[in-house]
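Position one of the sequence shown corresponds to residue -17 (my numbering), numbered consecutively onward. Note sheet for the following structure.
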Amino acid sequence: MSKREAKRQDEKLGKLVNALTYKNTEAYLTKAGSDLRAYVEAESRELSDEKLGQFQEAIVTKIHELFVTDFKLAGIVGVSYLVDLESMMDTKMVTRLANYIHYCLPCDSVQQATHAARLMGRLCVLGGSITVDFAEAEMRRSLEWLSLAKDNDNKRYACVLMLKELVEAVPQVASRWVDPMMTHIWNPLRDPKQSVREAAATALGSILDLIGTREYEQRRRWYKALFQTAMREMEPRAPDNTLHASLLAIGEQINHHGRRARREAGTSRSTGRVGVGAAGVVEEKKQDDFMLAEFRPVGQKVLGLKDHRTPIIRSKVIELLPCLARFHPEAFCAFYMSESIQFLLSTINAPTSTAPERATALLALGALAEVTGRSFAHIERPRRDASQPREKWIPQVMQTVKGLLMAKKFKG
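Here you go:
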């Protein structure tokens, strides 16, 4: 390669790397990252091993400049688009890039923390022989931050994002840390900031899916401990963040059992077994025994919060109703469906309800109808005494939906 060609290459590379810094919108970063990747991939094909090494060094140097200035997000995006290219798949190279990302957390930017955590998970997979040590170090750092009693939004948010990515990327490493993860996840679940609590719930869902691969006795111990803590703290007078944490934890546990049951059903179909198979049915039944037994107390506690003063608590109750119905349709229809329909209709029709609350209630109402099928149409309204005629909820449900559609039609 002549000096003129080398200069041209360096200028083009610099232009594409710098382009990552111009805007922070996801659409722009995707385009800029894709352009950089396409150029590096095309150039790498034409270079000898010696020139390729020099080109790699030039790339890493320019990316590093982004990290040491105020363009860390640009650097993270650049690395994410380059790291899995064959020309960049070198253990030393991956290690250097991983070290750059390591120092980007914690940070004030949600966007930067999200990109950095996602990239860390990928780097743990690509790191080859260093994967275990690197993943262990990141897991240890995240759990140390989570164990701190003092609130720190940035650290907690960053480490729950990291936990989720590590659990999904390197489950063989994460499985050694289940006990401290399940202990310390309650700190971000109870965080004063809603975004931290919800990110922690997402991480908890991934941890539960990891636990679902373990032996029955181990699974049951962790499931039960989580369930009991959530139920114990789900008291109306508890602080809002504690109540929200309990509702999030119960929701994640119910959804996890649903995912696990669907996977079991899919496995049975692929292997030609009828249903889940005898062993699968027994195992799944054993797994959920304590939750099935506690279904009515769970429903009572959740619906007991439907009139809570805080909108985020009421909204979470609405979101949980279809989850509870999906988990145990028969029991939900027998004990909680009528009360749930009444609550959802009152939320939809109340003049004080916000537009998001109405939308959430409408979606929940539709989900209940989908989950329970024909049973939904036969749910009766409560009667004050036996002399009153029996009435079903479905006419009022249809009248409410029709009214909303007509109102929208006239506004439009």
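For each residue, glycine too, the CB sits at the ideal point set by N, CA and C.
Beta-carbon separation of residue i and residue j under 9 Å?
i, j, result
"leucine 186", "leucine 225", "no"
"asparagine 136", "cysteine 89", "yes"
"cysteine 141", "tryptophan 159", "no"
"phenylalanine 272", "arginine 196", "no"
"leucine 34", "glycine 103", "no"
"leucine 11", "lysine 44", "no"
"arginine 244", "aspartate 191", "no"
"valine 42", "arginine -10", "no"
"leucine 230", "arginine 291", "no"
"aspartate 173", "arginine 219", "no"
"lysine 146", "alanine 99", "yes"
"aspartate 72", "glutamine 38", "yes"
"threonine 7", "leucine 48", "no"
"leucine 302", "leucine 326", "no"
"valine 50", "serine 177", "no"
"glutamine 324", "proline 364", "yes"
"lysine 283", "methionine 388", "no"
"valine 76", "leucine 108", "yes"
Pick from the options: whose alpha carbon is nearest that of residue i?
i, options, result
"alanine 182", "Pro153, Ser124, Pro218 and Glu199", "Ser124"
"serine 322", "Phe209, Glu217, Gly281 and Ala151", "Gly281"
"lysine 175", "Thr195, Pro221 and Tyr198", "Pro221"
"glycine 240", "Ala307, Ser228 and Glu180", "Ala307"
"glutamine 278", "Ser30, Leu101 and Met319", "For the record, residue 278 in the displayed sequence is arginine; it is not glutamine. Closest option to arginine 278, Cα to Cα, is Met319."
"glutamate -13", "Glu25, Arg214 and Val149", "Glu25"
"histidine 310", "Leu350, Leu(-2), Glu150 and Thr334", "Leu350"
"arginine 356", "Leu108, Glu339, Ile376 and Met164", "Ile376"
"methionine 70", "Asp31, Gln154, Leu386 and Cys315", "Asp31"
"aspartate 397", "Val178, Asp173 and Met121", "What is shown of the chain runs -17 to 394, which leaves residue 397 out entirely."
"glycine 15", "Gly385, Val(-1) and Glu199", "Val(-1)"
"glutamine 200", "Ser157, Met216 and Ala212", "Ser157"
"lysine 400", "Phe116, Leu48 and Asn331", "An answer regarding residue 400 cannot be provided, because it is not within the stretch -17 to 394 covered by the chain."
"alanine 154", "Val383, Val114 and Lys283", "Correcting the residue identity first, residue 154 is glutamine in this sequence and not alanine. Taking only the C-alpha atoms, the option nearest glutamine 154 is Val114."
"serine 425", "Glu150, Thr165 and Pro333", "Nothing about residue 425 can be read from this structure; the chain reaches only from -17 to 394."
"glutamate 433", "Lys(-3), Pro293, Leu274 and Glu(-7)", "Since the displayed the chain opens at -17 and closes at 394, residue 433 lies outside it and no answer follows."
"glutamine 381", "Phe358, Glu215 and Asn331", "Asn331"
"tryptophan 204", "Asn223, His238 and Glu217", "His238"
"glutamate 68", "Arg27, Ala227, Ser228 and Ala337", "Arg27"
"alanine 119", "His46, Glu150, Leu108 and His84", "His84"
"threonine 184", "Glu(-7), Gln36, Glu150 and Glu215", "Glu150"
"lysine 374", "Met388, Lys384 and Ala359", "Ala359"
Contact defined as beta carbons within less than 8 Å: I believe residue i pairs with residue j. What is the distance between those atoms, to the nearest angstrom?
i, j, result
"alanine 399", "leucine 105", "The structure shown does not extend to residue 399, since the chain is modelled only from -17 through 394, so no value can be given for it."
"leucine 347", "valine 379", "7 Å"
"isoleucine 300", "threonine 342", "5 Å"
"valine 61", "leucine 101", "6 Å"
"alanine 95", "leucine 143", "6 Å"
"isoleucine 361", "cysteine 305", "18 Å between Cβ atoms; not a contact."
"isoleucine 193", "isoleucine 167", "Between isoleucine 167 and isoleucine 193 the Cβ distance is about 12 Å, and since that is not below 8 Å, they are no contact."
"arginine 339", "serine 297", "It is glutamate, not arginine, that sits at residue 339 in the sequence shown. Right, their Cβ atoms sit about 6 Å apart."
Need the endpoints of the alpha helix (DSSP H) that residue i sits in, please.
i, result
"asparagine 331", "319 to 331"
"glutamate 199", "198 to 215"
"valine 76", "73 to 84"
"histidine 395", "Outside the displayed span of the chain (-17 to 394) sits residue 395, for which this structure offers no information."
"methionine 70", "No alpha helix (DSSP H) contains methionine 70, which DSSP labels as neither H nor E."
"threonine 342", "337 to 354"
"proline 88", "Here proline 88 belongs to no alpha helix (DSSP H), and DSSP marks it neither H nor E."
"tryptophan 127", "113 to 129"
"glycine 15", "8 to 27"
"arginine 100", "92 to 108"
"threonine 184", "176 to 193"
"serine 62", "54 to 64"
"threonine 165", "160 to 166"
"tyrosine 139", "135 to 151"
"aspartate -8", "-15 to 1"
"leucine 306", "293 to 309"
"glycine 281", "277 to 285"
Inspect the CB distances between the region 207 to 220 and the region 231 to 241 and report whether three or more fall short of 8 Å. yes
Is there contact between the region 19 to 37 and the region 45 to 56, where contact requires at least three CB pairs shorter than 8 Å? no
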